[in-house]
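Written out below as structure tokens is the structure these notes cover.
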Amino acid sequence: MHSSRLTITAATRAGSPRVASEDRVRTAPGLIVVVDGVTTVAVGAEALGGTYADILAEEVLALAGDPDTDLRTALAEAIGRTAKALDLVPPTVPGSSAQATVTVGRVRGSRFEAAAIGDSPVAAVGFDGSVRVLTDDRLAALVGNRPPRLEQWERLRSGAGRIGDRRHRELMREIMHGLSDAVNVPGGYWIAGAEPQAGLNAVVADWPLEDLSDILIATDGTSVAVDKYQILTWPQIADLCRTEGPDAVLDLVEEADSSDPIGHRWPRAKPGDDKTLVHLLVAP
Numbered sequence: 002m003h004s005s006r007l008t009i010t011a012a013t014r015a016g017s018p019r020v021a022s023e024d025r026v027r028t029a030p031g032l033i034v035v036v037d038g039v040t041t042v043a044v045g046a047e048a049l050g051g052t053y054a055d056i057l058a059e060e061v062l063a064l065a066g067d068p069d070t071d072l073r074t075a076l077a078e079a080i081g082r083t084a085k086a087l088d089l090v091p092p093t094v095p096g097s098s099a100q101a102t103v104t105v106g107r108v109r110g111s112r113f114e115a116a117a118i119g120d121s122p123v124a125a126v127g128f129d130g131s132v133r134v135l136t137d138d139r140l141a142a143l144v145g146n147r148p149p150r151l152e153q154w155e156r157l158r159s160g161a162g163r164i165g166d167r168r169h170r171e172l173m174r175e176i177m178h179g180l181s182d183a184v185n186v187p188g189g190y191w192i193a194g195a196e197p198q199a200g201l202n203a204v205v206a207d208w209p210l211e212d213l214s215d216i217l218i219a220t221d222g223t224s225v226a227v228d229k230y231q232i233l234t235w236p237q238i239a240d241l242c243r244t245e246g247p248d249a250v251l252d253l254v255e256e257a258d259s260s261d262p263i264g265h266r267w268p269r270a271k272p273g274d275d276k277t278l279v280h281l282l283v284a285p
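Shown next as structure tokens:
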């Protein structure tokens, strides 16, 4: 199947009007790269998420454009080139160093293949209504039951705290500090930073294009509509993209963010996150 039979549309916007988005989207025929720069939470740390995302997105686009290059290999090489460009050396520290999640999707012959490091999922919607999702949940599984996260979420659910208050920020730093020994190591979680090995540990999937009607790639600021807010399903997002475009989906997520700015209904790290959604319409 030739890539010209894919129609790609995308939308991206900042999670806050006061801070520039650190999400990046790059496309070429039959190739999509989505990078989400990790927000710096450490006091006094330089904000490099967007800069890192810019360089990484271009490097992945260049390397993954060769169909003979495995996506994991392309990610590993791109991370190495980005680290060199920014003079990064491992280990990068969660919340303090330049890092990003990255997802790449590519048409290769009659199949669509995807690879992801971090929490920007790919959802493949079939003509029969089925949904197949590629997601990297290693960080979520690692953090979910740790005491700082449990306290953070309970404070919000109970109304005892709110997103952004002093204790909430302290807990975020505790969570990041607690991950220092778990980043980019076997049994921990993998993130694009200074360690090319992360690319080789991306989660991967591929599907026959003839079975698919739509493919969606989202950063976590958008995928919360499905996995946290539960206000939309992936097929509903695909339908909205077909009829109104990806921006209509981001509007709904922003409305949900705004309806719960302090996190009592949906406990989360910040009121709103950068949002990106890429829709690939597969021609019949």
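Each residue of the sequence shown is one higher than the one before, counting from 2 in this note's numbering. All C-beta atoms, glycine included, are put in the ideal place defined by N, C-alpha and C.
Asked: Where I33 falls: helix, strand or coil (DSSP); Found: strand
Asked: Pair within 8 Å by beta-carbon distance, H280 and T10; Found: yes
Asked: Coil, strand or helix - Y230 by DSSP; Found: coil
Asked: CA-to-CA distance, T220 to D242, given in whole angstroms; Found: Reading off the sequence shown, one finds Cys at residue 242, where the question assumed Asp. When rounded, the distance between both Cα atoms is 16 Å.
Asked: Closest residue to S121 among L282, R109, V134 and F128 (Cα-Cα distance); Found: V134
Asked: Neighbour flag for R266 against chain B, beta carbons, 8 Å; Found: Protein chains in the displayed structure number just one, and chain B is not present.
Asked: Buried or exposed (CB count within 10 angstroms, at least 16 for buried), E171; Found: exposed
Asked: I118, DSSP secondary structure in three states; Found: strand
Asked: Cα-Cα separation between R14 and A161, rounded to whole angstroms; Found: 31 Å
Asked: Buried versus exposed, by CB contacts within 10 Å (16 or more), S259; Found: exposed
Asked: For P209 and S131, believed in contact at Cβ under 8 Å, the rounded distance; Found: At roughly 12 Å, the Cβ-Cβ gap does not stay under 8 Å, so S131 and P209 are not in contact.
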